[in-house]
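Colleague: This is the structure I have questions about; it appears just below.
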Amino acid sequence: NWKLATALLVVMPVSTYAIVKIGKRLRKLAARGQESMGDMASSLKEGFAGIRIVKAYGGEHVEQQRFAKGNTAYLRAVMKSAQLAALTSPLLEVIGIGGIAFIVWYGGFSVIDGQMKPGEFFSFLAAMFMAYAPLKKLASANVFIQRAIAAANRVFEMLDTEHEFVHDRGRATLPAISRSLEFQNVSFRYEGSDDPAIAHIDLAVEFGEVIALVGKSGSGKSTLMSLVPRFYDPSEGRILIDGLDLKEVTLASLRAQIAIVSQDTVLFDESVRANIAYGRPDASEEEIIQAARAGYAWEFIEELPNGLDTLIGENGVTLSGGQRQRLAIARAILRNPPLLILDEATSALDTESERKVQAALAELMKNRTTLVIAHRLSTVQHADRIVVLDEGRVVEAGIHHELLRRNGVYTRLHQTQFHDVPAASTLP
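According to the working numbering, the stretch in the sequence shown is residues 7 to 434, in order.
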């Protein structure tokens, strides 16, 4: 009966509209709930990671408040989502019952008036009720579908994110570095910053040369070194290795020839063996032990419960600062790269350990290009060349004694570290 079918089709758009509106709202609430849960988890992670600072500064109450705030926001989002989901079924029931009541009223009068046979009417009702149950289940499934879409959107946002700040569009494989590293008019500006972090750097480094970069904090030393393994690309200018632009070679072949030892030592929740062999997983045990000895790490590794197979916890939490840094140096030694970057590599060592590791590094730096970022000038006095950065620019370059005679920026840095330190008796 086309008249009854028309009456039914009037009800369906109303139901569809309600489902769509509720679905959109549910998706927003689900996304908000996931963001709140992420914020709460991030707050917990920061609290656990900085537990010593929290205890030292009596920040337990602050952390409790941060967690409570995040938990409350998550609870509100979840409750609103649950309320809206619970509203879906009753709302559709009301719309459906209203439609059924209208059809029964209209169909009943049609039967009484003789416009429709009773059998036709009841057949239509039976078909309508058979279709109603699946439609109701579909509406209920929409609640879960919208929550899944909100979760999927967050996953896809991460999957669609550029996995590198730079594009690996190079086609050439970088051969073993044998001649030079050149910075040609290199400038770099961080995103969102108006001022360049480094500006118009021209620097040529011959193979086997040890170059020390010194300067005040924020002068651009670490930024300049971050351009070599292409963590970033220059905003202007270019960097060449043996005459090849870094953008023309593959990232894998470039980074395979670089080892970095940073002041911020990063270790993994693995065994000592796995951490030393991270850059060379196919290394033999003998090679790993030799690297550990050269990095003066073997003496404490032997004392660990399981030696090389001892698990060291997240970021080496079971080791001291000096032990962690010596493991990082052993990792670089095992990699045996043509290009070595040292970012204050001995900063966490005591005097005796530093002396030993400096000797190991001196051997490691032979026959390879080494870039040393230094804050303590005593560690770079014997470099082949010292490059002084100030406000992102190269202001001086030369050997230690030459720079001291110039009475420039390097001289002032040297005086600050070695002459302007107050005597112990004058300290409060």
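Glycine included, C-beta positions come from ideal geometry on N, C-alpha and C.
It should be emphasised that the depicted structure is a prediction, and the values quoted were computed from it without experimental measurement.
#1: Return the residue from the list L252, R185 and K51 that minimises the CA-CA distance to G243.
#2: Under 8 Å by Cβ, that's how I've got E263 and L345 pegged, so tell me the actual separation to the nearest angstrom.
#3: Is the separation between the beta-carbon of S42 and that of G65 shorter than 9 Å?
#4: What residues in its chain sit with their C-beta under 8 Å from that of L410, if we drop five residues either side in the sequence?
#5: For P434 and D270, I'd like the C-alpha separation in whole angstroms.
#6: Which residues in the same chain as I282 place their Cβ atom closer than 7 Å to its Cβ, once the five residues preceding and following it in sequence are excluded?
#7: Can N191 and I217 be called in contact, C-beta distance under 9 Å?
#8: Going by CA-CA distance only, name the one from P343, R286, L250 and K227 that's closest to E397.
#9: Specify, as a first and last residue, the run of the alpha helix (DSSP H) that F108 falls within.
#10: Write down every uninterrupted run of the alpha helix (DSSP H) in the stretch 115-178 whose length is 4 residues or greater and which is fully enclosed by it, in chain order.
#11: Take M18 and list the residues in its own chain whose beta-carbon comes closer than 7 Å to its own, dropping the five residues that flank it on each side.
#12: Can you tell which of Q71, S116, I247 and Q70 has its C-alpha closest to the C-alpha of V234?
#13: Please classify N413 as buried or exposed, where buried requires at least 16 neighbouring CB atoms within 10 angstroms.
#14: A336 lies in the alpha helix (DSSP H); which residues open and close that run?
#15: Let me know if T376 comes out buried or exposed under the rule of 16 or more other beta-carbons within 10 Å of its beta-carbon.
#16: By the three-class DSSP mapping on this structure, what secondary structure does I318 have?
#17: Is it true that the stretch 83-94 meets the stretch 110-124, where meeting means three or more beta-carbon pairs spaced less than 8 Å apart?
#18: Between N342, V60 and I318, which lies nearest to I183 when the distance is taken from Cα to Cα?
#19: Taking buried to mean at least 16 other C-beta atoms within 10 Å of its own C-beta, is S48 buried or exposed?
#20: Taking 9 Å as the threshold (C-beta atoms), are L395 and G221 in contact?
#21: Would you report the Cα separation of I155 and S232, rounded to the nearest angstrom?
Modeller: Walking through what the data contain:
#1: Indexing the sequence shown from 1 puts residue 243 at position 237. Shortest Cα-Cα distance from G243 to any of L252, R185 and K51 involves L252.
#2: Here residue 263 refers to the residue found at position 257 of the sequence shown. Here residue 345 refers to the residue found at position 339 of the sequence shown. Here residue 263 is Gln; the residue named in the question, Glu, does not match the sequence. Between Q263 and L345, the beta carbon gap of about 6 Å places them in contact (Cβ cut-off 8 Å).
#3: As a position in the sequence shown, residue 42 is number 36, starting the count at 1. As a position in the sequence shown, residue 65 is number 59, starting the count at 1. With contacts defined by Cβ atoms closer than 9 Å, S42 and G65 do not form a contacting pair.
#4: Start at 1 with the first residue of the sequence shown, and residue 410 comes out as number 404. Result list for L410: Y416, T417 and H420, in chain order.
#5: Position 428 of the sequence shown holds residue 434. Position 264 of the sequence shown holds residue 270. Note on P434: pLDDT 36, under 50, position unreliable in the model; the coordinate value appears next. Roughly 31 Å between the two C-alpha positions.
#6: Your numbering for residue 282 matches position 276 in the sequence shown. Hits under 7 Å: I294, A297, A298, L333, A336, R337 and L340.
#7: Residue 191 sits at position 185 when you count from the first residue of the sequence shown. Residue 217 sits at position 211 when you count from the first residue of the sequence shown. Going by C-beta atoms, N191 is not nearer than 9 Å to I217.
#8: Translated into the one-based positions of the sequence shown, residue 397 becomes position 391. The shortest CA-to-CA distance from E397 to any of P343, R286, L250 and K227 is the one to K227.
#9: Position 102 of the sequence shown, counting from 1, holds the residue named residue 108. Note, F108: alpha helix (DSSP H), E66 to I118.
#10: Taken in chain order, the whole alpha helix (DSSP H) runs of length 4 or more contained in the stretch 115-178 are 124-166.
#11: Translated into positions along the sequence shown, residue 18 becomes position 12. In its chain, beyond the 5 residues on either side, no residue has a beta carbon closer than 7 Å to the beta carbon of M18.
#12: The residue labelled residue 234 in the question sits at position 228 within the sequence shown. Ranking Q71, S116, I247 and Q70 by Cα distance to V234 puts I247 first.
#13: Locating residue 413 in the sequence shown gives position 407, counting from the first residue. Looking at its Cβ environment, which holds fewer than 16 other Cβ atoms inside 10 Å, N413 is exposed.
#14: Working through the sequence shown from its first residue, we reach residue 336 at position 330. Start and end: G327 to R341.
#15: In the sequence shown, the residue the question calls residue 376 occupies position 370. Buried, because 16 or more other Cβ atoms sit within 10 Å of the Cβ of T376.
#16: Translated into the one-based positions of the sequence shown, residue 318 becomes position 312. In the structure shown, I318 sits in coil (DSSP, three-state: anything other than H, G, I, E or B).
#17: No, the stretch 83-94 is not in contact with the stretch 110-124.
#18: On the sequence shown, residue 183 is found 177 positions in, with the first residue counted as 1. For I183, the closest C-alpha among the options N342, V60 and I318 is that of N342.
#19: Translated into the one-based positions of the sequence shown, residue 48 becomes position 42. Flag for S48 reads exposed.
#20: Within the sequence shown, numbered from 1, the residue matching residue 221 stands at position 215. Within the sequence shown, numbered from 1, the residue matching residue 395 stands at position 389. In contact: G221 and L395 (Cβ atoms closer than 9 Å).
#21: If you number the sequence shown from 1, residue 155 lands on position 149. If you number the sequence shown from 1, residue 232 lands on position 226. I155 and S232 have their alpha carbons spaced roughly 38 Å apart.
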